[in-house]
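K.L.:
Each position in the sequence shown, counted from 1, maps to that position plus 36 in our numbering.
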Amino acid sequence: MINRPRETEYKDELLADHSVHRRYRDGREEWRRRDGGTRVRWHDNQGASGTDELLGGRVIKRQYSDGRVTYGRDIGYGRTLWDRGETILVNRTSFGGRMGVLLGGLGLAGLAITAAQLPPEELTPEEEEELRQQQQASAQNSSSGGGDVGGGDGGDWDSGDGWNSDDDGGWSDDDFG
């Protein structure tokens with residue numbers, strides 16, 4: 037087990053234009069818009085912008101507009117681990133996120149962070165492509181009834197195209213933190 041990460045909660049609001057306004061408890065805000073099946077473009081109230089991309093293995097690649105890249109990992113229950121395990125984002129909008137906060141508050145060992153859950157520090161272009169292929173295969177299996185793309189809590193990429201496309205305009209309430 038690793039040290040307890042700094043927890044930052046956020047809530048998402050679906051806007052009329054089908055983009056999302058994300059408000060973090062620490063005062064940061066992001067405006068997010070779907071850009072293809074596994075990508076989200078974003079910009080924030082601090083002048084940063086970039087793209088988040090869901091890769092296989094629940095790994096998320098965040099590329100800033102200045103070229104910097106960092107990786108996170110969706111670890112279930114509306115929680116995403118970032119910054120080499122030092123920060124965990126918790127989605128208070130989704131049921132999974134609210135359940136994760138509740139269970140974590142009870143100190144249940146099943147929600148402990150392990151070294152195996154840490155996001156990669158770096159990936160080569162070949163490793164990223166391999167993870168993209170894994171994600172694509174997983175999405176194809178899911179759309180043909182073969183399993184859960186989100187890997188367990190159902191709150192992340194609910195349909196085969198990577199987005200819950202029911203009544204929310206194609207936006208999931210837990211879009212890979």
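Think of the CB as a built atom: it goes at the ideal place given N, C-alpha and C, for glycine as much as any other residue.
Predicted, not measured: the structure shown is a model, and the values here were computed from it.
Exposed or buried, which one is S178 when buried takes at least 16 other CB atoms within 10 Å?
P.N.:
Here residue 178 refers to the residue found at position 142 when the sequence shown is read from its first residue. S178 comes out buried.
K.L.:
Using CA atoms only, rank isn't needed, just tell me which of Q82, V95, T74, L51 is closest to D119.
P.N.:
Residue numbering aside, residue 119 sits at position 83 when the sequence shown is read from its first letter. Ranking Q82, V95, T74, L51 by Cα distance to D119 puts V95 first.
K.L.:
When you compare only the Cα positions, how much space is there between L50 and G112?
P.N.:
As a first step, residue 50 must be located in the sequence shown, where it is residue number 14. As a first step, residue 112 must be located in the sequence shown, where it is residue number 76. The alpha-carbon atoms of L50 and G112 are separated by roughly 21 Å.
K.L.:
Using DSSP with H/G/I as helix, E/B as strand and the rest coil, what is G63?
P.N.:
Mapped onto the sequence shown, residue 63 falls at position 27. Here G63 sits in coil by DSSP.
K.L.:
Leaving out five residues before and five after P156 in sequence, what residues of the same chain have Cβ atoms less than 6 Å from its Cβ?
P.N.:
On the sequence shown, residue 156 is found 120 positions in, with the first residue counted as 1. Once the five neighbours on either side are set aside, the close Cβ partners of P156 are Y107.
K.L.:
In the DSSP assignment, the beta strand (DSSP E) including N127 goes from what residue to what residue?
P.N.:
Indexing the sequence shown from 1 puts residue 127 at position 91. Looking at the DSSP string, the run of the beta strand (DSSP E) that includes N127 is 123 to 127.
K.L.:
Pop quiz: R64 and T123 are said to be a contact at Cβ under 8 Å. What is the actual Cβ separation, rounded to whole angstroms?
P.N.:
As a position in the sequence shown, residue 64 is number 28, starting the count at 1. As a position in the sequence shown, residue 123 is number 87, starting the count at 1. With a Cβ gap of about 12 Å, R64 and T123 do not count as contacting.
K.L.:
Here's a check: name, in chain order, each residue in its chain whose Cβ is nearer than 6 Å to the Cβ of V185, leaving out the five neighbours to either side.
P.N.:
By 1-based counting over the sequence shown, the position of residue 185 is 149. Because the pLDDT at V185 is just 33, under 50, the model does not fix this residue reliably, and the point stays unresolved.
K.L.:
Where does S101 fall in DSSP's three states?
P.N.:
Counting from one through the sequence shown, the residue named residue 101 turns up at place 65. Correct three-state label for S101: coil.
K.L.:
May I ask you to report which of helix, strand or coil DSSP gives D119?
P.N.:
Position 83 of the sequence shown, counted from the start, is the residue given in the question as residue 119. Of the three classes helix, strand and coil, the one that applies to D119 here is helix, per DSSP.
K.L.:
Taking the DSSP output, what are the residues bridged to T44?
P.N.:
The residue given as residue 44 occupies position 8 in the sequence shown. According to DSSP, T44 bridges with L125.
K.L.:
Please report the straight-line C-alpha distance between Y100 and W78, rounded to a whole angstrom.
P.N.:
The count along the sequence shown starts at 1 and reaches residue 100 at position 64. The count along the sequence shown starts at 1 and reaches residue 78 at position 42. Cα to Cα, Y100 sits roughly 9 Å from W78.
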